[in-house]
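Number of protein chains: 2
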Amino acid sequence: MNFKNIGIIGGGQLGKMMVLEGKKLGLHFNILDPSHDCPASSIADQHIIGNFYDQEKIQSLAEISDVITYEFEHIDADMLVELEKQGHRIYPSPSTLKIIQNKYEQKNFLQKYGLSVPKFQKVVSIEDIDRATEEYGFPLILKSCKGGYDGKGNYVIKTKGDIKKAYGNLGGSHRDLMIEAYIPFKMEISVLIARGITGEMKIYPLAENIHENNILKTTIAPARVRRETEEKAHKLALKTMEILKGIGIFCIEMFVDQEDNLFINEIAPRTHNSGHYTIEGCSTSQFYQHLRGILGLPLGDTSLVKEAVMINLLGEEGYVGKTKVTGVEKALALSGVYVHIYGKTDTKPNRKMGHATIVDTNVASALKKADYVRDILKIISED
Amino acid sequence: MNFKNIGIIGGGQLGKMMVLEGKKLGLHFNILDPSHDCPASSIADQHIIGNFYDQEKIQSLAEISDVITYEFEHIDADMLVELEKQGHRIYPSPSTLKIIQNKYEQKNFLQKYGLSVPKFQKVVSIEDIDRATEEYGFPLILKSCKGGYDGKGNYVIKTKGDIKKAYGNLGGSHRDLMIEAYIPFKMEISVLIARGITGEMKIYPLAENIHENNILKTTIAPARVRRETEEKAHKLALKTMEILKGIGIFCIEMFVDQEDNLFINEIAPRTHNSGHYTIEGCSTSQFYQHLRGILGLPLGDTSLVKEAVMINLLGEEGYVGKTKVTGVEKALALSGVYVHIYGKTDTKPNRKMGHATIVDTNVASALKKADYVRDILKIISED
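Protein chains in written order, with UniProt numbering: chain Z, 1 to 383; chain B, 1 to 383.
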């Protein structure tokens, strides 16, 4: 191991879980995050408090780190290109990030290589949306090309009447927009895949995702699909990772339609909420795998040790303020239940405050436990 | 969960691994350790730099913590009794610690309850040793009643000629000494056992330990013993934990003689080197289990997920100075190998610098990998 100082842009829960894994290996972590009490803060060796777009702060992070990585993709790729020119190591590479962070460029790139994506086109004026409705039918999805997560930056257009509102809502002619056909999916899945500096690749079992209000609610691993679907998804993911020249962990989200056709929905060049199950469910967690990838270490075994269900713990409706977690005792009374609390000082409705993973010999029984855990484990505020 | 601030006396590798587990649950950790760069330091929320015998510092630790625990047993139990009187929660309780930290009291206590220990007696003068040689024969072991670990504070007396040297070496009449019969063991084993505040107990699979120069070299789980031996050891451990009213994790080391008789050797009221295999080998690691115990949470499932071999990574002979780890890449190229580096700034011969756990479907194949890993993974100094 020639490198031991890792710089992470972002100190949220993904950063925190990465630090927890890396500390086992004796690594040092420097994080850049504007919030003094962000989840990774208390366990990082150094915390540079600063905005993700602050060139000077990112430069400082690079100076004290052997390798730079990031826990979210909405950062200024050009700034990273500049650092790379100076000789700093940044993984995934800024050129890969550039393709991914613009959703239109991402889809265009995938389509160029013949990979299956929903129909899409650029929106330059509102008339482009009108034309798309004729070609794709309703519903369709207006998306801003940059930024956005957990459904933010997306608008589902159900009728002609929605078009103007959607266009205005997402910033109209002031922002880069694209329009996408809606895939009437029977399931959403995601594939975690890792690629090392040498090109070595390792792929995780397929995960099945259930969203509610555009936020991930449940991940089930392995996904309840036919074997051929898994094989097809794996092929698609391997090809995607290869053409993107990804380094570290990527998450590739896909739709499965009624005929088991697959369409790539979105790519995250980082660890992903739908991969949290790997901490207890797999031989190598996504966080450890990411570190192995960016440090030039051999990638780890991705096999499932036990079947797993992950549920997100979101801030309860009606509670805003200092975080209070209730129900941990009851949840831990069940075997195979692992509770993760991110340590965010304040809660608010739908904020991602933690997650629980339930491992079991089979998904059906893990799902039953998950329902119980969801009912009793709640994130509320202190008063 | 009503408590979230945990105070740990000691910030070595055991403290570090406890913090890593507790951080998943969003707990806060305060540590007391004299060394500014001790392994737990960079991930603890607060580090009080101070001696373990510094009453004022321990008091400060108590003030900012909801529960106090410790990662080693050589602390002033009377100081803890005082804190307990003030209303602070300390687990394991100071009264339990008092029994254990004096090896003579410990053995006496166990014997009183009819638990099997090697023959022993107090040494008030050198003549007591002479008398014991007649009763027990050679070899026998002179031990200082307090302090000592990894064989320090023990002296093996092989002939009459050793007696004077042994007595002088361990402090003679200036220290409390005891003499113990040597058990011609065919195996050393240890049992990890957890007890909660409610009296609930959970016991881990038997671990087999191989020592070299009195330092643990290898732990094999499950131990290669007959089923009846495991049952007998479990019974002995359960009874021991019950009479000691232990809270949290305890490690009970035993000798197995040629006829499969068991003798309790030593008890550690804390997580233990021979329990590191539980991190990847068991459903609940010893560190997580300890926290569950002292926080009043239900204890976790102790079952073995995969068979495991743990090897200690000691500072190589001939190297003193800034720590350098070599061979990590090669070790991680094998599946099922997990490398832990404690992050100690300086190495010296035989210092515990890290460990590696190898999990596999069977011990035999894990042992083969362990030999390979031991050969290539080395802790040396930078120059």
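Yeah, the Cβ is synthetic: ideal placement off N, Cα and C, and Gly gets one too.
Short CB-CB distance (under 7 Å) between residue i and chain B
i          : result
Ser-335(Z) : yes
Pro-298(Z) : yes
His-340(Z) : yes
Ser-42(Z)  : yes
Gly-315(Z) : no
Leu-332(Z) : yes
Leu-377(Z) : no
Leu-20(Z)  : yes
Asp-45(Z)  : yes
Asp-301(Z) : yes
Continuous beta strand (DSSP E) stretch holding residue i: start and end
i          : result
Arg-195(B) : 185-195
Gly-7(Z)   : 5-9
Asn-261(B) : From DSSP, Asn-261(B) is part of no beta strand (DSSP E); its letter is neither H nor E.
Glu-307(B) : 307-314
Gly-354(B) : 352-360
Asn-209(B) : 207-212
Tyr-70(Z)  : 67-70
Leu-32(B)  : 28-33
Span of the alpha helix (DSSP H) around residue i
i          : result
Tyr-167(Z) : 163-169
His-234(B) : 227-244
Asp-15(Z)  : The question names Asp, but residue 15(Z) is Gly in the sequence shown. Gly-15(Z) -> alpha helix (DSSP H) spans 13-24.
Glu-127(B) : 126-136
Ala-40(Z)  : Per DSSP, Ala-40(Z) belongs to no alpha helix (DSSP H) and is neither H nor E.
Ile-157(B) : It is not in any alpha helix (DSSP H) - Ile-157(B) instead sits in the beta strand (DSSP E) that spans 154-157.
Lys-330(B) : 328-332
Top-ranked residue by Cα proximity to residue i, from the options
i          : options                                          : result
Thr-69(Z)  : Ala-132(Z), Gly-336(Z) and Arg-292(Z)            : Arg-292(Z)
Val-123(B) : Lys-143(B), Lys-107(B) and Met-18(B)             : Lys-143(B)
Ile-8(Z)   : Gln-46(Z), Glu-266(Z) and Asp-37(Z)              : Gln-46(Z)
Leu-313(B) : Tyr-338(B), Lys-352(B) and Gly-281(B)            : Lys-352(B)
Ile-203(Z) : Gln-55(Z), Glu-73(Z), Cys-282(Z) and Lys-146(Z)  : Cys-282(Z)
Arg-175(Z) : His-276(Z), Pro-34(Z), Glu-280(Z) and Asn-154(Z) : Asn-154(Z)
Gly-26(Z)  : Pro-34(Z), Ala-44(Z), Lys-4(Z) and Ser-42(Z)     : Lys-4(Z)
Glu-56(Z)  : Glu-73(Z), Met-79(Z) and Gly-147(Z)              : Met-79(Z)
Pro-94(Z)  : Asp-54(Z), Ile-267(Z) and Glu-73(Z)              : Glu-73(Z)
Tyr-113(Z) : Lys-165(Z), Pro-92(Z) and Ile-264(Z)             : Ile-264(Z)
Phe-138(B) : Gly-354(B), Thr-96(B) and Tyr-182(B)             : Tyr-182(B)
Beta-carbon contacts of residue i that lie in its chain and below 6 Å, excluding the five residues immediately before and after
i          : result
Ile-220(B) : Glu-208, Val-309 and Val-363
Gly-336(Z) : Ile-358, Val-359 and Asp-360
Ile-126(B) : Tyr-167
Gly-196(Z) : Gly-293 and Leu-299
Ala-370(B) : Val-309, Ile-311 and Ile-358
Val-67(Z)  : Phe-3, Ile-6, Arg-89 and Ile-294
Gly-343(Z) : Pro-39
Ile-341(Z) : Val-325 and Gly-354
Min CB distance residue i to chain Z below 7 Å
i          : result
Ile-23(B)  : Position check: residue 23(B) holds Lys in this sequence, whereas Ile was assumed. It does: the Cβ of Lys-23(B) has a partner Cβ on chain Z nearer than 7 Å.
Gly-26(B)  : yes
Gly-248(B) : no
Gly-147(B) : no
Leu-304(B) : no
Gly-343(B) : yes
Leu-259(B) : Going by the sequence as given, residue 259(B) is Glu instead of Leu. By this cut-off, Glu-259(B) is not an interface position.
Glu-329(B) : yes
Spatial neighbours of residue i in its chain, beta-carbon cut-off 7 Å, leaving aside the 5 residues before and after
i          : result
Thr-326(B) : Lys-378 and Ile-380
Lys-103(Z) : Lys-143, Cys-145 and Met-178
Phe-185(B) : Phe-255, Val-256 and Asp-257
Pair within 7 Å by beta-carbon distance, residue i and residue j
i          : j          : result
Ile-100(B) : Pro-269(B) : yes
Ala-62(Z)  : Leu-83(Z)  : yes
Leu-299(Z) : Ala-194(Z) : yes
Ile-215(Z) : Glu-180(Z) : no
Thr-284(B) : Asp-301(B) : yes
Gln-286(B) : Leu-177(B) : no
Pro-39(B)  : Lys-24(B)  : no
Ile-75(B)  : Phe-52(B)  : yes
Ile-249(B) : His-290(B) : yes
Thr-271(Z) : Leu-14(Z)  : yes
Tyr-136(Z) : Lys-160(Z) : no
Glu-71(Z)  : Gly-22(Z)  : no
Sequence-distant residues of its chain with Cβ nearer than 8 Å to residue i (five each side left out)
i          : result
Glu-316(B) : Thr-347, Pro-349, Lys-378, Ile-379 and Ile-380
Glu-200(Z) : Pro-298 and Leu-299
Chain-ordered chain C contacts of residue i [CB-CB under 9 Å]
i          : result
Arg-292(B) : Going by chain labels, chain C is absent from the structure shown, which instead holds the protein chains Z and B.
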